[in-house]
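Here the structure is laid out as structure tokens; the discussion comes afterwards.
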Amino acid sequence: MFGFFKKFRKKSPWILHYNTGSCNGCDIEIMACLGPKYDLERFGIINKGNPKQADILLVTGPVTKRARARLLRLYMQMPEPKVVVAVGACACTGGVFRHMYNVENGIDRFIPVDVYIPGCAARPENIIEGIKKAIEIWERKQKEKVEVPKVLKEIPDVETLDRREIISKLEEKYSERLVIEEDEK
Amino acid sequence: MIAAEILASILLPWISALVIYVLNNHRVSVFLTVLNFVILTIIGLHLWFSVNNPITLHPPHLVDWLLLVYDYGLLLYFFKQGIENRNPLVSVLAVIQIFLLSWVVLIRPHSEVPNIYIDKLTVFMYLIVGFVGSLITLFATRYMQDENPVREGEFVAILVWFLGVMNFIVSVNNIEWFFALFETTTLASYLLIRFRGDTVSVNNALLALWMNQIGGITILLALLFAIHKYGITHFSQFGEHTQLALFPLAFLSAAALVKGAQMPFHRWLLGAMVAPTPVSAILHSATMVKVAPYLILRLSPFIKGTLLAKLIVVFTGFVFVVTALLALNETHFKRILAYSTISLLSLMMLAGTIGTPITITVALMLIAFHAVAKALLFLEAGVLEKRYHAKTIYDLKHIINKAPLTVFFILVGFLSMTMVPFAMFVAKWLMISEMSELLSKASYIITVAILAIGGAILTVLYLKILGLTINRDEESFRVKIEKLPSLYTIPNVIYVVLILIATLFINTFLVYFFAPITQSIIGYIPPFCEGLSVCIKNLQLPFWQIIIAFFFVVFFPIIAHYIHFKTDRTAEYSCGEPVKPRISTYNMVCLNKVSTYFESISLALFVLVLVIGGGML
Amino acid sequence: MKGILFTFALLSPIIGGLIYGLERKFKARMQNRQGPPILQPFYDFFKLTDKRALQVHSFHSLMGIAFFVAAWFAVFALLIGPNILIAIFLHVLALLFFTAGGFSVKSPYSVMGALRELAHILAAEPILVFAAIALYLSTGSWNIEGILTSNTVPILQMPLLFCALVLTVPILLKRSPFDISEAHQEIIGGAEIEYSGLFYEAVYTAKWLEYIFIGVIVFLFGGSNYLLGALLVAATFLFVWLLDNATTRLTIHYMMKFAWGILLPLAAFNIFWVAIWR
Amino acid sequence: MGKKFVVPFGSQHIAIPEPIRFIFTTENEIIKSVSVDFGYVHRGIEKACMTRYKYTQVPYVVARVCGLCAVSQATAYCMAIESLMDIEIPERAKYLRIIVHEMDRIHSHLFAIAHLSEAAGYENLFMRVMRDREFVMECLEILTGNRIQADYSTIGGVNRDLTKEVYEILKPRLDELERRLYELKEIFERDYTLQKKWKGIGVITLEMAQKYNAVGPVARASGLATDCRVEFEYLPYKELDYKMVLYQEGDVWARNMVRLDETLVSIRVLKNAIDNLPEGDIKVKVKGNPKGEALIRWEAPRGELLYYVKGNGKSVLERLRIKTPTFSVIPVMKELYYNQPYAFVPDITISFDPCLSCSAR
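Protein chains in written order, with the numbering used here: chain A, 1 to 185; chain B, 1 to 617; chain C, 1 to 278; chain D, 1 to 361.
Right, dumping it as structure tokens:
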């Protein structure tokens, strides 16, 4: 039964794209991929822009300190099975930004990465190739297993919490508070 | 026997009101209101089965004189209120009425036509007053415990007395008596609106007073002309003259339009919101405003098809759409309900004025189920106010986390006014179909457009408010169903059960309940089929569709409370940011600019109804 | 006749999915792209079946399913029910669940989408009611079988109303220029944003049923001439896709002005004219 | 009161590929207040350039400040160092810098136009512009060897020459691109829904542009004549028939049209530059370390880019300071949102063509 549905995974991967501090070169190339020359939609790919309905997370950029909690939050909001693609040299290792003071040297320190796409900036052909690889990995993944990134394992009792609570714990872990100006005139 | 029953249904509320007022005791009030509820309902049901032909009664001549004296006293009281509260308009209008009334008394002929006239329509109104109205008084006893226990007796007494007045007004045949009772309802509403006694209440009460007095003046003018020209003093005599001038009918309809708070006069009903909530409930559902469609239905056979009828159709249609639109702009929960009442009242009058058998039935259905739904909603508004301190629709946000049962009742109340398969939807659907039928005879295109647009607006309005209430962040199974005082819950449960039963067995109601009333009004039964599916001529609403839609609308919300999918839960999408969500709703603020135009146009239309409809040109 | 209609209603999600697939292919072609295969919606469907479902709360998820069931029921009521007017209101009932789902979560995009959806109802519902009335006026029947077997061709009497109906289709299907309630660049899908997995599948599929619903109503304007009906449906959808490709998204205010200021008078005038002319 | 509706826009949002966060407080979809935050992309490039990289490596690092205007960043830095060290670069290198710089501008502008169309919900136009943009991307690739992050400028000249074969390939492509851009211009001028959506929305008056110190196409759309290519003569623009594009309306539509017209001007400049390319070397040798300070203002695709360089005779710079164009327009951008419907937020935001990796570095 599940084997039947698994076959169709490769036909309809929906992507979510997040920029964790890249120079936007790779972002432009992802946009170019969606354009008519490279046309990702012929593989059934839609840029959903919504983690809850996405299957592939495309991350560009070395993770800056402000982006990490956002990255984890988006990752946790994606339903399994899911794959993560690191687009560009910075996302893979930090690239030219490696060891800069506000940079965390690649996304695999935070979330498990399945495919690394090299290049500065990653060429559209490379991105398509990487996504195809990602789909192959994705086909083998199980939906039963909840993937909690290693960094979140530090949160006490993470196994017993549901995602909603884990996501709210992120604020504590990275000690970020978002204060909205409440101008009630 | 029947005469005794009629007398009982009129007098019982008057007597109970007196007792409640004098004793001012919570238990006595509860006992008497329950007694009223039971006895009035039983009498209504019994009368329903026994009154097949119109019954007439001749009360002693003394009553006539008593009422006249009472009338003068009442008008003098209004005059005095105008002086005391420095509102010259009220006094002037009272003086005009005294003058006109004296003129009527001078020229009125002696008439042997019976003064009390009971037919199915009257009994229908008895049932609404007895069943829907008494429950509100029952609710009011508990409400006043939360509000102001000292004045409970006074408050409940006025409400119960109001029921008696209402029962009286629908029984009379004499237009002069009708005027007296019309003014009595004005008095009752005046007393109730100014009940809290603060400045706003008093001002709004005076507003209601002078606006309703205009209705009184138009009745007197109509009566004066009818006596002078045709010697008519009773409603039943209109049928005897075939070549009737439209002047008296136009002025009587105008009285109905004023009482029904149609557009230029809608402010008094909105102002009534300052009173304790049971007042709104009783004004909007069972009494007061329902005099308007009742009067239109009484006059319907005589004005049907005339120029007057067409003007009233245009006027009420305009008000129907415009007030529904204005309601979209409101934020106060009770004001929204008030606007929707005005809107639906215009629909009732529109249906009544067109006067085909089906539209008369539609008007009756709307009167009955609107009474129940509005009573339910206003009582819920009272509960919200007293228990959850929610007055504006913004206070209703996330209220499902605290009060799932209340939300369910509100849902039933709102959806029953607009959504398939509820009875009021069936009424609207019949109306649209009937109008399409008329399209092929003459063009009623405006009516059709009004129905389509107004229906859509009301649907959106109710969905918008429901949307705020059901916004939640908790799993529903973690929310306990709230416990409310039984006197709060019982009336609502009865209303909801009635709505649900009526929805399922709507055709039974149509055939055995509404069709006979239509027959008594225009002497012709609309050809409804038997069985559970609604069908008439080539129209059909099969029972399987009713039951499935019923399942969707009623059972899904109930199931939703208990169902629990065992999947992972996650937070809402917020662009990856830890933003605390804050939800609200939209208003059509762009309407603020045009609302004055709406009022001017409706005033012009109202004048047109009087001038052209009354044959003054 | 009855059997065919019943089968059609039963198969309507599949046919709707095919139309959606065709739409995506057509649009890609218009944009000089290769585009996805025609069966793409079904691939999406199967994939979504195999996804793990995440939910905000059960009420929300249930509303997604209810939307699908009620939408299908509306299609049934249109195709085999005795009254097309009822079917139109049942369609509103389906949208009630969709908006209720949108309203029930605390996500601002979802609530905004639901509120905008209400504006869509406000704009489109009167015209649909008018369409039903027009069909009744020209064929003398509220029943779909009666319309299909009557000897009239409603579009010949109701050309203006048909134009108004065609221009309402973008409002109903949420296509540009009136894709306001699911504006992807503003509110990322609106009321459907919080669904995922199986629950999203229900919402996704329910939107295919809208094609069938509106397609059938358009088809009825061909009356007993089925070929004409089919042509009308094809032309309508092609026109809507073309319009989708060639316009930007407009605002709610413009949509309301357009629907109430132009489309409604157009439709009303047509009905009025036919009624007077009789 | 409960009327307020808090709507986040970003940091992850489909309409903006880069992280910027707005939090709008709306009432009936009308924006009443807004808070902006855009420090998500801060990587510390300036600090790294002052500690870890030699000044000869820095052009390749500052190019990574932004992918879209990488050429401008590197060129601006190189020119700053050159003026600091008194290096006179060959004439051919100057021309080549103009060629690549203008190509960069074209692809950046076309991307902005496409993106703006997408934000307006005009999918077809997005596809069309992206298709036309591929011409210039191919040209860039042929000329420099990479689509984005060309790494073309270096201190003392450029890294790669323009050969005869490349010239043969470039010329017809540029002609074709120009023809297509004229078609596009007609669409943008005529399309009914685009006018409805963009005209009169997000208007920056000339006074506002002056007060908030707007730069680049944003300023030029409001009639504020500011263009470093005209004001300074680092590179020989005047010889190549360059003219400034000015619009007066200051709305979203005008900003878009300024970009479109500038691409046309750029193509003209490009063609002239390619035709009049002088012969000679493309690079001079650089010796020694920078000492002293230099400041340069340079017109990147989004407006005025400011580089401040201070060397102290070591191989690592003492101070590098970058002020980017998007940073200058954010104050005026924030002003525009008040009392606008939320529906126009993507259009207004994207019409600035915000480049956040520039502004946060």
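Quick reminder that beta carbons are idealized off the backbone N, C-alpha and C, glycines included.
Quick one: does residue i have its CB under 9 Å from some CB of chain A?
i, result
"T570(B)", "yes"
"A37(C)", "Residue 37(C) is actually Pro in this sequence, not Ala. It does; some Cβ of chain A falls within 9 Å."
"E18(D)", "yes"
Span of the beta strand (DSSP E) holding residue i?
i, result
"A300(D)", "291-300"
"F24(D)", "21-27"
"T60(A)", "56-60"
"E210(C)", "Where E210(C) is concerned, there is no enclosing beta strand (DSSP E), although the alpha helix (DSSP H) it sits in stretches over 197-220."
Determine, for residue i, whether the minimum Cβ-Cβ distance to residues of chain B falls below 9 Å.
i, result
"P13(C)", "no"
"I167(A)", "yes"
"S176(C)", "no"
"A69(A)", "yes"
"R249(C)", "no"
"I350(D)", "no"
"I23(D)", "yes"
"E171(A)", "yes"
Name the chain B residues that come within less than 7 Å of residue i, Cβ to Cβ?
i, result
"Q12(D)", "C575, G576"
"N28(D)", "Y586, N587, V589"
Using the beta-carbon of each residue, which ones in chain C are nearer than 7 Å to residue i?
i, result
"A549(B)", "L90, L93"
"N50(A)", "I188, G189, I193"
State the start and end residues of the unbroken alpha helix (DSSP H) segment that holds residue i.
i, result
"C575(B)", "Premise fails: C575(B) is in no alpha helix (DSSP H) and is neither H nor E."
"W14(A)", "Taken as a continuous stretch (DSSP letters only), W14(A) belongs to no alpha helix (DSSP H), being part of the beta strand (DSSP E) at 14-19."
"V34(B)", "26-50"
Measuring CA to CA, which of the options is closest to residue i?
i, options, result
"H60(C)", "L198(C), Y136(C), S138(C), I147(C)", "L198(C)"
"E293(D)", "V41(D), P59(D), A80(D)", "A80(D)"
"V34(D)", "C355(D), N339(D), Y53(D)", "N339(D)"
"I312(B)", "M1(B), A8(B), G614(B), E5(B)", "G614(B)"
"P331(D)", "Y182(D), N276(D), Q210(D)", "Q210(D)"
"K199(D)", "E249(D), D175(D), N159(D)", "E249(D)"
"D244(C)", "G223(C), S176(C), Y254(C), L5(C)", "S176(C)"
"P236(D)", "F5(D), L270(D), F135(D)", "L270(D)"
"H228(B)", "V105(B), M435(B), V92(B)", "V105(B)"
Let me see if you follow: with CB-CB separation under 9 Å, is residue i close to chain C or not?
i, result
"D114(A)", "no"
"K133(A)", "no"
"S416(B)", "no"
Using beta carbons (cut-off 9 Å, strictly below), is residue i in contact with chain D?
i, result
"E184(A)", "Because E184(A) sits at a pLDDT of 39, beneath the cut-off of 50, its placement in the model cannot be relied upon, and the point is left open."
"P170(C)", "no"
"S16(B)", "no"
Quick one: which chain D residues come within Cβ less than 7 Å of residue i?
i, result
"I399(B)", "By Cβ distance, chain D contributes nothing, its closest Cβ being about 12 Å from I399(B), past 7 Å."
Which chain C residues sit within Cβ distance under 8 Å of residue i?
i, result
"L439(B)", "I133, L137, I271, A275"
Below 7 Å on C-beta distance, what does residue i contact in chain A?
i, result
"F46(C)", "F5, F8"
I want to verify the contact list: residues of chain B whose CB lies under 9 Å from the CB of residue i, in sequence order.
i, result
"L10(C)", "Going along chain B, no residue has its Cβ under 9 Å from L10(C), so there is no contact; the nearest lies around 16 Å."
Just to make sure I have the definition right: I need the residues of chain D whose C-beta is within less than 8 Å of the C-beta of residue i. Which are they?
i, result
"P108(C)", "F5, V6, V7, P8"
Inset, instruction - Starting from the N-terminal side, write out each stretch of the alpha helix (DSSP H) that is 4 residues or longer and does not extend beyond the stretch 47-123 of chain C. - result: 58-80, 84-104
Legend entry - Any beta strand (DSSP E) of 3 or more consecutive residues that is wholly inside the stretch 290-370 of chain B: none
Inset, instruction - Can you check the stretch 202-260 of chain B for any alpha helix (DSSP H) of at least 4 residues that lies completely inside it and give the ranges in chain order? - result: 247-259
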